[in-house]
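Participant: Below are the structure tokens for one structure; questions will follow.
Protein chains: 2
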Amino acid sequence: MTDLETRIAQVAWNSDGLTPAIVQQWDTREVLMLAWLDAEALRRTLTTGRTTYWSRSRQEYWRKGDTSGNIQRIHEARLDCDGDAILLLVDQTGPACHTGTRTCFDAADLEAVDGLAVPESDAE
Amino acid sequence: MTDLETRIAQVAWNSDGLTPAIVQQWDTREVLMLAWLDAEALRRTLTTGRTTYWSRSRQEYWRKGDTSGNIQRIHEARLDCDGDAILLLVDQTGPACHTGTRTCFDAADLEAVDGLAVPESDAE
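Below, the structure is given as structure tokens:
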């Protein structure tokens, strides 16, 4: 195996052959989105320097930005301690979210998903 | 339903009743770990102000820090645009990772999972 294939083989894929990828803007450290990778999506991401994900709803690969122009270039990719989550540090062009917001967690315009409640007091 | 229950009902749980939670240090914006929540783990997290997760391997709840002392206090919890990922902004006491490193993605001591390769050139 190539060195790349050895590294891809370290990932502990789930029963669907997928692992979640946390996508973070490399310099500001904003968390932009969560997406899913299979081995081929990870291979394409690491060999092209642009993120390719697996769409669970459409059951197909999608290269981020091909439709919107809002591409992500890879700065760094890290595997977690037990191999079942990946952190992608990227440089995001424009908004990451299909709703037009910078991040998928920036749902200021979507009252229904405008964050979850957190109690004022966190006393145990 | 209480307001809290209304919000919990917004989450698009997967077929196992779980959703991934990205856990980020609220001020430095380090991504600490990825963990899994079900509705009850989210409820406990939001009502106590301390993170409780669902362990897929042990099939039980675990409140972060009960064994290690390395607790996480919640600052903010956000749902993503399509409701199937949660971002938890926390204040992490000590290391987040069971290996003793600050984050689960800081595998400097684990050669086998010391990051994935990224090509020098990202030309398409």
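Residue numbers (the UniProt record's numbering), protein chains in the order written: chain A, 1 to 124; chain B, 1 to 124.
In this text, a Cβ means the ideal position worked out from N, Cα and C, and glycines have one as well.
Quick check on ASP3 of chain B: does DSSP put it in helix, strand or coil?
Facilitator: The count along the second sequence starts at 1 and reaches residue 3 of chain B at position 3. Looking at ASP3 of chain B - three-state DSSP - the assignment turns out to be helix.
Participant: Please tell me whether ALA39 of chain A and TRP13 of chain A are closer than 8 Å, where the distance is taken between their beta carbons.
Facilitator: By 1-based counting over the first sequence, the position of residue 39 of chain A is 39. By 1-based counting over the first sequence, the position of residue 13 of chain A is 13. Yes.
Participant: Could you list the residues in the stretch 80-93 of chain B with a C-beta less than 7 Å from some C-beta on chain A, going in chain order?
Facilitator: Cβ contacts with chain A: ASP80, CYS81, GLY83, ALA85, LEU87.
Participant: Report yes if the C-beta distance between THR51 of chain A and LEU88 of chain A is below 8 Å; otherwise report no.
Facilitator: As a first step, residue 51 of chain A must be located in the first sequence, where it is residue number 51. As a first step, residue 88 of chain A must be located in the first sequence, where it is residue number 88. Yes, the Cβ-Cβ distance between THR51 of chain A and LEU88 of chain A is below 8 Å.
Participant: Under 8 Å, Cβ to Cβ, is there at least one residue of chain B near GLN24 of chain A?
Facilitator: Position 24 of the first sequence, counting from 1, holds the residue named residue 24 of chain A. Cβ-Cβ to chain B under 8 Å: yes for GLN24 of chain A.
Participant: Can you pull the chain A neighbours of THR52 of chain B, defined as C-beta to C-beta under 8 Å?
Facilitator: Locating residue 52 of chain B in the second sequence gives position 52, where the first residue counts as 1. Near THR52 of chain B there are no residues of chain A at all, since even the closest Cβ is about 12 Å away, more than 8 Å.
Participant: Within its chain, find whatever has a CB closer than 6 Å to the CB of GLU76 of chain A; leave out the 5 residues flanking it on each side and keep chain order.
Facilitator: What you label residue 76 of chain A is simply residue 76 of the first sequence in a count that begins at 1. Contacts found: LEU89.
Participant: For ASP16 of chain B, is the classification buried or exposed, using 16 other Cβ atoms within 10 angstroms of its Cβ as the cut-off for buried?
Facilitator: Your numbering for residue 16 of chain B matches position 16 in the second sequence. ASP16 of chain B is exposed by the Cβ-count criterion.
Participant: Among B:LYS64, B:THR48, B:GLN25, B:PRO95, whose alpha-carbon lies nearest the alpha-carbon of TRP54 of chain B?
Facilitator: Numbered from 1 along the second sequence, position 54 holds the residue referred to as residue 54 of chain B. Minimum Cα distance to TRP54 of chain B is reached at B:LYS64.
Participant: Compute the Euclidean distance between the alpha carbons of ILE8 of chain B and ASP80 of chain B, then round it to the nearest angstrom.
Facilitator: The count along the second sequence starts at 1 and reaches residue 8 of chain B at position 8. The count along the second sequence starts at 1 and reaches residue 80 of chain B at position 80. The alpha-carbon atoms of ILE8 of chain B and ASP80 of chain B are separated by roughly 13 Å.
Participant: Hey, could you find the ends of the beta strand (DSSP E) GLU60 of chain A is sitting in?
Facilitator: If you number the first sequence from 1, residue 60 of chain A lands on position 60. It spans 60-63 - the beta strand (DSSP E) in which GLU60 of chain A sits, taken as one unbroken run.
Participant: Could you pull out every residue in the same chain whose Cβ sits closer than 6 Å to the Cβ of ALA21 of chain A, ignoring the five residues on either side in sequence?
Facilitator: For the purposes of this step, residue 21 of chain A is taken as the residue at position 21 of the first sequence. If we look at ALA21 of chain A and ignore the five residues flanking it on each side, its Cβ neighbours are ALA35, LEU37, ILE86, LEU88.
Participant: Would you mind stating whether VAL31 of chain B and PHE105 of chain B have Cβ atoms separated by less than 8 Å?
Facilitator: Numbered from its first residue, the second sequence carries residue 31 of chain B at position 31. Numbered from its first residue, the second sequence carries residue 105 of chain B at position 105. Result yes, Cβ atoms of VAL31 of chain B and PHE105 of chain B sit closer than 8 Å.
Participant: CB-CB under 8 Å to TRP26 of chain B, same chain, minus the five flanking residues each way: which ones, in chain order?
Facilitator: The sequence position of residue 26 of chain B within the second sequence is 26, counting from 1. Excluding sequence neighbours, TRP26 of chain B sits near HIS75, GLU76, LEU89, VAL90, ASP91.
Participant: Determine the direct distance from the alpha carbon of SER57 of chain B to that of GLU5 of chain A, and round the result to whole angstroms.
Facilitator: On the first sequence, position 5 is the one that residue 5 of chain A refers to. On the second sequence, position 57 is the one that residue 57 of chain B refers to. Looking at the two C-alpha atoms, the distance is approximately 26 Å.
Participant: Please report how far the alpha carbon of ARG73 of chain A lies from the alpha carbon of THR103 of chain B, in whole angstroms.
Facilitator: Taking the first residue of the first sequence as position 1, residue 73 of chain A is located at position 73. Taking the first residue of the second sequence as position 1, residue 103 of chain B is located at position 103. When rounded, the distance between both Cα atoms is 23 Å.
Participant: Whose CA, out of A:SER68, A:ASN70, A:MET33, A:ASP82, lies closest to the CA of THR101 of chain B?
Facilitator: Residue mapping note: residue 101 of chain B aligns to position 101 of the second sequence, counting from 1. THR101 of chain B has its Cα closest to that of A:ASP82, out of A:SER68, A:ASN70, A:MET33, A:ASP82.
Participant: Can you give me, in chain order, the residues of the stretch 5-34 of chain B that have a beta carbon less than 8 Å from any beta carbon in chain A?
Facilitator: Within the stretch 5-34 of chain B, the qualifying residues are ARG7, ILE8, GLN10, PRO20, ILE22, GLN24, THR28, ARG29, GLU30, VAL31, MET33, LEU34.
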